[in-house]
């Protein structure tokens, strides 16, 4: 959790002073005891030394999201018998993609299936369909629910309230426009 810097002015025959600095965005030593040890372990492994989202120019993030996105704690999940389709949801000013993860209906019988609607994290600025792809497959496999993963438009390209409105419109679309065979009777 620390970076050691050696004095660049020292010659090979003399040792310069060693300066020890905490890694960028590390938890201050005096605060570590306030956190649960597993959190500190994961934070130090995946976040310490990395730029925080507000430190990355949005253009750099959009050009290569995988360079800045951390997907720890995510197991790769086999598609199995899931039917995965991308559907277009009408929203004010256009359309957004909603990825649908549909479990094998033969396994579940004729009963009405529950629905899980996923809105990926990222503070309305980061993330997208790849962010929670394996998570959505896991939910569909483990629960038998039809999972809808909403690819809402992101800020700053789409200013508030566009991302929030997209999510609300997608929720209403799932409740009204999707065939009732997917849904629980209450939405």
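Residue numbers (this note's numbering): 5 to 191. The beta-carbon is built from N, C-alpha and C at its ideal position, and this holds for glycine as well. Note that the structure is a prediction, hence the values are computed from the model and not measured.
Query: Should the region 120-131 be regarded as contacting the region 83-99, the criterion being three or more beta carbon pairs within less than 8 Å?; Result: no
Query: How close, in whole Å, do the beta carbons of residue 3 and residue 132 come, if the pair is a contact with beta carbons under 8 Å?; Result: Beyond the ends of the chain as shown, which are 5 and 191, falls residue 3; an answer cannot be given.
Query: On the DSSP letters alone, give me the boundaries of the alpha helix (DSSP H) that residue 137 sits inside.; Result: 137-147
Query: Tell whether a beta-carbon distance below 7 Å holds between residue 117 and residue 150.; Result: yes
Query: Once DSSP output is grouped into helix, strand and coil, what is the label at residue 1?; Result: No information on residue 1 is available, as it lies outside the stretch 5 to 191 that the chain covers here.
Query: With distances taken from CA atoms, which of 146, 72, 103 is nearest residue 129?; Result: 72
Query: Tell me residue 103's beta-bridge partners as DSSP assigns them.; Result: 90, 153
Query: Buried or exposed: where does residue 103 fall if 16 or more other Cβ atoms within 10 Å of its Cβ makes it buried?; Result: buried
Query: Quick check: the Cα distance between residue 53 and residue 180, rounded to an integer number of angstroms?; Result: 46 Å
Query: Since I believe residue 134 is in contact with residue 62 (beta carbons under 8 Å), could you give me their beta-carbon distance rounded to a whole number of angstroms?; Result: That pair is no contact at about 18 Å.
Query: Between which two residues does the alpha helix (DSSP H) harbouring residue 36 extend?; Result: Unbroken run through residue 36: none, as it is neither H nor E.
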